[in-house]
Amino acid sequence: MKTTAALLAGASALVLAGQAQAQDKTLTISVYSFAQDEFKTIVYDPFEEICGCELVVETGNSVERMSKIEANAAAPVIDMAVLSAHDALALARKDLIAPVPVDQLSNYDKLYDVAKDPLGDNLAVGYTFYATSIVYRSDKVTVESWADLLGPELAGNVALPDVTTNQGPPALHMIGKAMGDQDPSLTAPIEAVAGHKDEIVTFYVRSSQLAQLMQQEEIWAAPVGRFAWASFKDNGLPMAWATPKEGQTGGLNVMVLTKGSANQELALQFMDFWLSTPIQQALAEALVDSPANAEVQVSDEVAENLTYGAETVKSLDLIPPAVMLDNRESWLEQWNAKVAQ
C-alpha cells in the first residue's frame, strides 16, 4: 500500500501553477467536524504548503453552517463548503451558491457520474458518498431483501432509524421499493413500519446506539451507513453486510462555492486538489471518506470499510435531493402521527 506521504507528493503539481497568485490569500472553508485531524494532515496542511495561502477551517453541524452562509449573503465570509446534496440544494434554492466552473477542475472527468452534477446546472460537485444497507447477525438470520426488516424472523430483534436521521428516509425508501411502492410520499412504507412498530426494539438516532445493542445481542439487524460498518464487523460476533436484491441506498456529500465569494479561483484550486486521485486515495486508505474519484484503487482490506468500486456505486438507489427537500416535512408529519404516537 502506498504511504500517505507518497500520495500527497503526487498531488503537488495540481496547484503549483496557482502558487504565486495565492500568496498572502486566505481561503475560508466550512466543513463537517468529522475526522478533522486526518483532514488536516492529508488535505489542509499539504494544500497550504503548496499554494502558499492560509486555510481557515470552520466546523459545525449543517444547520449552523448553512445559517452562517445565509446570514452573510451580502458579504460572504465562507468561500467554499461541503454539505449533503439536499442541504446544498436548499442553499441553491435561496440563491446562496454559485455554479462551479467544472471546466477548470482537472480532476472532474475522473469522478463517478453520480458525483459530477448531482444538483443540475453544475451547482455542486460530489466528493464522497456512502452506501446504506443492513447489518445483521449471520448466525441468526439471512437478510436478502429490505422487506426482511419487517419479516417474522426479525420480529423483536430489529432496530430501524428514526425518520429524522440521515438513514431514516433512505431506509423507508428501500422498504417501499421492496413492497413495490416507490411513491416519494413514503406513505406505504411508513404505514408498514407503523403496523410492525411493536416488533421493533428501537428507532435509533445514532449508529453508536446500534453498536451497543448489537453487542448486547438485543438486536440482530438494522439499516446503517457503510461508514459505521467497522464498529459492527469487529465486535466479535458473526456479522454480515447485506446486499439486498433491491440494491443499496445511501447519501452523497458535495462541494459548493458560495455566491459572491472573493476567492473563487483559490477555492477551485482547493476543490481540484481534494478531488485528485492521490488525495482521494489517501483519504480512502485512512478510512475517512469513500472516493468519488473512479481512479482510486485500494486493497481489499481497505475496500471492506468503504463504499468502493464502480459496481457498488452503480447499485446505489439514492433519493434525489429535490425529493428529499420537498417531502421531508410530510414524512415527519406522517411518522409522528403513525409511528411515534
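Sequence positions in the sequence shown follow mature numbering (1 follows the signal peptide of the UniProt record, and there is no 0) and run -22 to -1, 1 to 319. Where a beta carbon is used, it is the ideal one built from N, C-alpha and C, also for glycine. Quick caveat, the model's predicted, so the values are computed rather than measured.
Taking residue i as the reference, give the member of the options with the closest Cα.
i: Ala109; options: Arg204, Glu311, Asp250 and Glu169; result: Arg204
i: Val291; options: Ser45, Val35 and Ser111; result: Ser111
i: Glu42; options: Tyr10, Lys316 and Ala70; result: Tyr10
i: Gln14; options: Thr4, Cys29 and Thr37; result: Thr37
i: Gln160; options: Pro201, Ile297, Asp81 and Ser209; result: Ile297
i: Met249; options: Pro162, Tyr182, Tyr22 and Leu265; result: Tyr22
i: Ser239; options: Val103, Gln82 and Met58; result: Met58
i: Ala66; options: Val232, Glu131, Thr142 and Ala137; result: Val232
i: Ala262; options: Tyr105, Trp219 and Val34; result: Tyr105
i: Glu169; options: Thr19, Leu33 and Lys316; result: Lys316
i: Ala189; options: Val141, His151, Val171 and Ala137; result: Ala137
i: Leu246; options: Phe25, Phe12 and Ile20; result: Phe25
i: Ala270; options: Phe12, Tyr86, Asp81 and Gly30; result: Tyr86
i: Gly158; options: Met217, Asn50, Ala53 and Ala125; result: Ala125
i: Glu16; options: Met302, Trp313, Ile257 and Arg184; result: Ile257
i: Leu127; options: Phe210, Asn314 and Trp198; result: Trp198
i: Leu5; options: Ala49, Ser163 and Glu243; result: Glu243
i: Gln193; options: Lys211, Arg184, Pro201 and Val202; result: Lys211
i: Ile56; options: Asn241, Gly146 and Thr120; result: Asn241
Who pairs with residue i in a beta bridge, going by DSSP?
i: Ser40; result: Ser40 is not bridged to any residue.
i: Val34; result: Thr6
i: Arg115; result: Met217
i: Met233; result: Val60 and Val103
i: Thr110; result: Gly203 and Thr227
i: Pro139; result: Tyr182
Do residue i and residue j have their C-beta atoms within less than 9 Å of each other?
i: Leu253; j: Ser62; result: no
i: Thr221; j: Ala149; result: no
i: Leu74; j: Ile47; result: yes
i: Glu177; j: Leu132; result: yes
i: Glu289; j: Lys223; result: no
i: Lys3; j: Glu27; result: no
i: Glu279; j: Trp207; result: no
i: Lys237; j: Pro54; result: yes
i: Val35; j: Lys18; result: yes
i: Leu265; j: Phe107; result: no
i: Leu303; j: Ala68; result: yes
i: Ala318; j: Phe181; result: yes
Just verifying my parser: in three-state terms, what is the DSSP assignment at residue i?
i: Pro222; result: coil
i: Ala(-1); result: For Ala(-1), the predicted model reports a pLDDT of 48, less than 50, meaning its position is unreliable; a value from the coordinates is still stated below. Ala(-1) falls in the helix class under three-state DSSP.
i: Met157; result: coil
i: Gly129; result: coil
i: Val92; result: helix
i: Ala318; result: coil
i: Leu244; result: helix
i: Val179; result: strand
i: Ala52; result: coil
i: Leu294; result: strand
i: Asn271; result: strand
i: Ile75; result: strand
i: Leu150; result: helix
i: Ser45; result: helix
i: Asp278; result: helix
i: Thr255; result: helix
What's the C-alpha gap between residue i and residue j?
i: Lys175; j: Gly134; result: 10 Å
i: Met309; j: Ile153; result: Just to set this straight, residue 309 is Trp in the shown sequence, not Met. Distance between the alpha carbons of Trp309 and Ile153: 14 Å.
i: Val276; j: Gln259; result: 7 Å
i: Leu83; j: Arg71; result: 24 Å
i: Thr255; j: Glu311; result: 43 Å
i: Ala(-1); j: Asp267; result: Caution is warranted here: a pLDDT of 48 is assigned to Ala(-1), below 50, making its placement in the model unreliable, and no coordinate value can be reported.
i: Phe12; j: Asn144; result: 15 Å
i: Phe251; j: Lys118; result: 46 Å
i: Gly129; j: Asp140; result: 19 Å
i: Pro299; j: Gly287; result: 23 Å
i: Asn314; j: Lys155; result: 22 Å
i: Pro162; j: Gly30; result: 48 Å
i: Leu116; j: Val183; result: The sequence shown places Ser at residue 116, rather than the Leu named in the question. Distance between the alpha carbons of Ser116 and Val183 is about 24 Å.
i: Met100; j: Ala272; result: The amino acid occupying residue 100 in the given sequence is Asn; Met does not appear at that position. Using only the alpha carbons, I get a separation of about 19 Å.
i: Gly173; j: Ile20; result: 48 Å
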